[in-house]
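Residue numbers (our numbering), protein chains in the order written: chain A, -1 to 143; chain B, 9 to 120. Quick reminder that beta carbons are idealized off the backbone N, C-alpha and C, glycines included. Since the structure is predicted, the reported quantities are computational estimates derived from the model, not experimental observations.
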Amino acid sequence: MSSEDAFGGSYTVRGRDFIDAGLVSSQIKKLLKDRGIPEDVVRKVAVVTFEAEVNIISYAEIGTINFYVDHKAVTIEAMDKGQGIPNIDLALQEGYSTADDTIRDMGFGAGMGLPNIKKFSDEFEIVSIVGKGTTLKSVIRTVDK
Amino acid sequence: MDLKTIQSELGLLVQCAAERLGTVVTGGYVGDLLSDVMANSAKGQVWVTRQVHQNIVAVATLKELSGIIIVQGAMPDKDTVAKAENEGLPILTTGLSAYEVVGRIYRLLASS
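And the structure:
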């Protein structure tokens, strides 16, 4: 892919809108597939964007998911205004969750969201300020190395 | 083996997207935690679950699963059925337990 072929998008995700969970990740997945991004990369992006989307819906007031594709990677950024994460190390432990019963009843809140994002990313960064919000960045490489 | 064969062998009820029962089933995954299914299921598998909320359609569509089997007599929400119909994703229901459904599908796929 040459630099002229680089593309991306930006989507708003509303907190507590569980009805539309998966909408943004579906749209991003479709765009990547249409552009011929390799299937294994699209699968990883789908997991990362879905979990990021569900996290914003579950814990934030509002958020944005951006993605950008260049010749070597898909970069996903998820930023939200919300409660933030007091202890990121704990939040990254599989099984740790602060989800309430409403979230758990729908099959979310198993403490796998952030661990999944990390697991399916080649590069992963997260910054959170309690009472302000969380920003995470995930890079999924489309070429080896 | 296609979903239609599994449907008739197990006597599953088709709730939507009947026209897509010809989809080939490559295997299965069972689970009620959406992040678990998101991370560990694979394209073409049939998903056995007790969840009925419409988010199961988003997960199955994103993962390109062949269909969803809802167990234990549970019924999908109306919105779930509408969304799945729209996506062409078959949802089947049964009074059988997840254990029974998975065991029988496993045997069918192993002998096919």
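| query | result |
| --- | --- |
| Residue 105 of chain A and residue 42 of chain B - do their beta-carbons sit closer together than 7 Å? | yes |
| For the region 11 to 62 of chain A, list the alpha helix (DSSP H) runs that are entirely contained and at least 4 residues long, ordered along the chain. | 21 to 32 and 37 to 57 |
| Going by alpha carbons, who is nearest to residue 83 of chain B out of B/35, B/97, B/28 and B/60? | B/60 |
| For chain B, is any of its Cβ atoms less than 7 Å away from the one on residue 108 of chain A? | yes |
| As a quick exercise: from B/63, B/31 and B/35, pick the residue whose alpha carbon is nearest that of residue 16 of chain A. | B/63 |
| Along chain A, which residues have their Cβ under 8 Å away from the Cβ of residue 67 of chain B? | 20 and 48 |
| For residue 83 of chain A, which of helix, strand or coil comes out of DSSP? | coil |
| Would you check if the distance between the CB atom of residue 101 of chain A and the CB atom of residue 120 of chain A is smaller than 7 Å? | no |
| So what's residue 29 of chain B in DSSP terms, helix, strand or just coil? | coil |
| Which class does residue 13 of chain B belong to by DSSP, given the choice of helix, strand or coil? | helix |
| Assign residue 90 of chain A to one of three DSSP states: helix, strand, or coil. | coil |
| Find the nearest neighbour of residue 78 of chain B within the set B/32, B/31, B/37 and B/27, judged by alpha-carbon distance. | B/37 |
| Quick one: complete beta strand (DSSP E) runs, 3+ long, within the region 12 to 92 of chain B? | 21 to 24, 35 to 38, 53 to 57 and 75 to 78 |
| Determine contact between the region 27 to 36 of chain A and the region 89 to 97 of chain A, defined as no fewer than three beta-carbon pairs at a distance below 8 Å. | no |
| If you measure between the beta carbons of residue 11 of chain B and residue 33 of chain B, is that distance less than 7 Å? | yes |
| Is any beta-carbon of chain B found at less than 7 Å from that of residue 77 of chain A? | no |
| Who are the near neighbours of residue 110 of chain A in its chain, counting only those whose CB is closer than 7 Å to its CB and skipping five residues on each side? | 92 |
| Would you check if the distance between the CB atom of residue 13 of chain A and the CB atom of residue 82 of chain A is smaller than 7 Å? | no |
| Mind checking residue 140 of chain A: buried by the 16 CB within 10 Å criterion, or exposed? | buried |
| Here's the rule: buried if 16 or more other CB atoms are within 10 angstroms of the residue's CB, otherwise exposed. What is residue 5 of chain A? | exposed |
| What residue range is occupied by the uninterrupted alpha helix (DSSP H) comprising residue 96 of chain A? | Where residue 96 of chain A is concerned, there is no enclosing alpha helix (DSSP H), given that its DSSP letter is neither H nor E. |
| So, are the CB atoms of residue 47 of chain B and residue 55 of chain B less than 7 Å apart? | no |
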